[in-house]
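First comes the structure, then the notes that go with it.
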Amino acid sequence: MQISQIVFEFFQLYFWVIIVRIFLTWIPSIDWSSPFFKALAIVSDFVLLPFRRIIPPMGGIDFSPIIALMVLQFVQFALVNALSMLGL
């Protein structure tokens, strides 16, 4: 397996981790202190928190995950294409 494919798969997995986190925030009864949900929050907050600092919620709606996912997709595209061009 080439490095570009591994990087592509990593970004895809991370994309879905953030999507799952977004949907789980809509469930008020989730205990975010449980080990699984706490780990999910830590992993996803690595990308989401910087965007939340830049783009505060507007009218109670948090748009930062949308922007974070778009940037993540752009970085994935650029990085995978660069690695592919290098033959990695």
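Numbered as in the working numbering, the sequence shown ends at 102 without a single skipped number.
From the three backbone atoms N, C-alpha and C, an ideal C-beta is built for every residue, glycine too.
Since this is a predicted model, take the numbers as computed values, not measurements.
Considering Cα atoms alone, identify which of the options is closest to residue i.
i	options	result
TRP40	LEU97, MET99, GLY74 and LEU83	GLY74
SER18	LEU100, MET99 and VAL94	VAL94
VAL31	LEU86, ARG67, ALA96 and SER98	LEU86
GLN26	ALA96, ILE36, PHE65 and GLN90	GLN90
VAL34	SER47, LEU62, LEU54 and ILE68	LEU54
PHE29	PHE51, PRO79, GLN16 and ALA92	PRO79
Could you check if residue i is buried or exposed, using at least 16 other CB atoms within 10 Å of its CB as the buried criterion?
i	result
ALA82	buried
PHE24	exposed
PHE65	buried
SER58	buried
LEU62	buried
Does DSSP put residue i in a helix, in a strand, or in coil?
i	result
ILE75	strand
PRO49	helix
GLN16	coil
TRP40	coil
TRP32	The question names Trp, but residue 32 in the sequence shown is Ile. ILE32: helix per DSSP, three-state reduction.
ILE69	coil
LEU100	coil
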